[in-house]
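Going by the working numbering, the first residue of the sequence shown is number 1, and it counts up by one from there.
Everything below concerns the one structure shown next.
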Amino acid sequence: MTVVLTGATSGIGQAAARLLAPQVTRLILHGPQRPQEVTGQLEELRAAGPGEVHYVHADFDSLAMVRALASEISKITDRVDVLINNAGRPGAPRRRLSHDGNEATLQTNYLAAVLLTERLTPLLVASGGRVVHVASATHVLSASLDPDDLNLERSHYSATTAYARSKLALVAHARWLVEQAAPPQPDTVSLHPGVISTELLHAMFDIGGDSVVHGAHNVVNAALSTGRWAGQYLDERRPVQPNPITLDADFRHRLAHRTFELLHRSGKAPEKAEALP
Numbered sequence: 001m002t003v004v005l006t007g008a009t010s011g012i013g014q015a016a017a018r019l020l021a022p023q024v025t026r027l028i029l030h031g032p033q034r035p036q037e038v039t040g041q042l043e044e045l046r047a048a049g050p051g052e053v054h055y056v057h058a059d060f061d062s063l064a065m066v067r068a069l070a071s072e073i074s075k076i077t078d079r080v081d082v083l084i085n086n087a088g089r090p091g092a093p094r095r096r097l098s099h100d101g102n103e104a105t106l107q108t109n110y111l112a113a114v115l116l117t118e119r120l121t122p123l124l125v126a127s128g129g130r131v132v133h134v135a136s137a138t139h140v141l142s143a144s145l146d147p148d149d150l151n152l153e154r155s156h157y158s159a160t161t162a163y164a165r166s167k168l169a170l171v172a173h174a175r176w177l178v179e180q181a182a183p184p185q186p187d188t189v190s191l192h193p194g195v196i197s198t199e200l201l202h203a204m205f206d207i208g209g210d211s212v213v214h215g216a217h218n219v220v221n222a223a224l225s226t227g228r229w230a231g232q233y234l235d236e237r238r239p240v241q242p243n244p245i246t247l248d249a250d251f252r253h254r255l256a257h258r259t260f261e262l263l264h265r266s267g268k269a270p271e272k273a274e275a276l277p
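What follows is the structure, given as structure tokens:
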């Protein structure tokens, strides 16, 4: 089994990598650090089991680097059984634009995940694979997401709003992928891993949380469970109803169009963008 895990060098991702290393034959990790900065972590993971462990560096503030990440993964393997889109950042204290001109939280948490998923879809389909979007229960409390204002150019900005909206978009994309995207598509699930005590949590909220290991177990459960999730949203391990707007096919259609427009504008759109209705 080949698993790709983004955001694997800290927090839930780092803990999930430790759980996965003994269980899979090939583990491909992503992080924003240079390879020489994570040597110790990689040595630990390689000692944990007989499988291969690879590491690819990419800064999701640049969609060009996301595209390069997909290319590097394609050189390492011809199949991906599970793609775990875990990489994320808290909302910035003030609205900030990415290298590509998108609101930075949206790009790292959502646009990069969509782009990587599209680029790796042929490898996922080849194995009957699965995509896991690590989302957040904050998306349920987000009142709305206007597909025509994804970059918060006309709406009030706050760190928590930017973060919740990016996760709402992820949950909607998981549903869109299995219900509205052109086939064939991988199985997909989104999940809230729990309220987990990480730097990301503490950057936005003055609360405590469970351990990163607790969150990692929930992510790995979603990744390795048998059967099909078919776009469901999990609260830890339990399927629950997400924000109702994500269940609206027209909303998902509009969000998909606007998402691929932003990727086109950045010059890094996946090939499938042309095929959208």
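Glycine included, each C-beta is placed from N, C-alpha and C at the ideal position.
So, with DSSP's three-state summary, where would you put residue i?
| i | result |
| --- | --- |
| residue 153 | coil |
| residue 164 | helix |
| residue 234 | strand |
| residue 144 | coil |
| residue 11 | helix |
| residue 31 | strand |
| residue 265 | helix |
| residue 326 | Only positions 1 to 277 of the chain appear in this structure, which leaves residue 326 out of reach. |
| residue 246 | helix |
| residue 270 | With a pLDDT of 47 at residue 270, under the threshold of 50, the predicted position of this residue should be treated as unreliable, though the coordinate-derived value follows. If DSSP states are grouped into helix, strand and coil, residue 270 belongs with coil. |
| residue 207 | coil |
Count the other C-beta atoms from every protein chain shown that fall within 10 angstroms of the C-beta of residue i, then say buried if there are 16 or more, exposed otherwise.
| i | result |
| --- | --- |
| residue 175 | buried |
| residue 230 | exposed |
| residue 250 | exposed |
| residue 213 | exposed |
| residue 236 | buried |
| residue 61 | buried |
| residue 14 | buried |
| residue 191 | buried |
| residue 101 | exposed |
| residue 96 | exposed |
| residue 153 | exposed |
| residue 215 | buried |
| residue 183 | exposed |
| residue 226 | exposed |
| residue 274 | With a pLDDT of 38 at residue 274, under the threshold of 50, the modelled position of this residue cannot be trusted; read the value that follows with caution. Per the 10 Å Cβ criterion, exposed. |
Going by DSSP, which residues form a beta bridge with residue i?
| i | result |
| --- | --- |
| residue 187 | 130 |
| residue 85 | 133 |
| residue 20 | According to DSSP, which records beta bridges pairwise, residue 20 is partnered with nothing at all. |
Do you know how far the Cα of residue j is from the Cα of residue i?
| i | j | result |
| --- | --- | --- |
| residue 66 | residue 238 | 31 angstroms |
| residue 244 | residue 40 | 43 angstroms |
| residue 270 | residue 209 | Its pLDDT being 47, under 50, residue 270 is placed unreliably by the model, and the measurement read from it follows with that caveat. The straight-line gap from Cα to Cα measures roughly 37 angstroms. |
| residue 17 | residue 108 | 20 angstroms |
| residue 155 | residue 92 | 15 angstroms |
| residue 1 | residue 90 | 31 angstroms |
| residue 194 | residue 29 | 22 angstroms |
| residue 72 | residue 56 | 7 angstroms |
| residue 82 | residue 221 | 12 angstroms |
| residue 159 | residue 94 | 7 angstroms |
| residue 86 | residue 254 | 24 angstroms |
| residue 54 | residue 19 | 15 angstroms |
| residue 263 | residue 111 | 8 angstroms |
| residue 186 | residue 136 | 21 angstroms |
| residue 151 | residue 32 | 23 angstroms |
| residue 78 | residue 224 | 19 angstroms |
| residue 252 | residue 47 | 43 angstroms |
| residue 120 | residue 74 | 8 angstroms |
| residue 179 | residue 234 | 17 angstroms |
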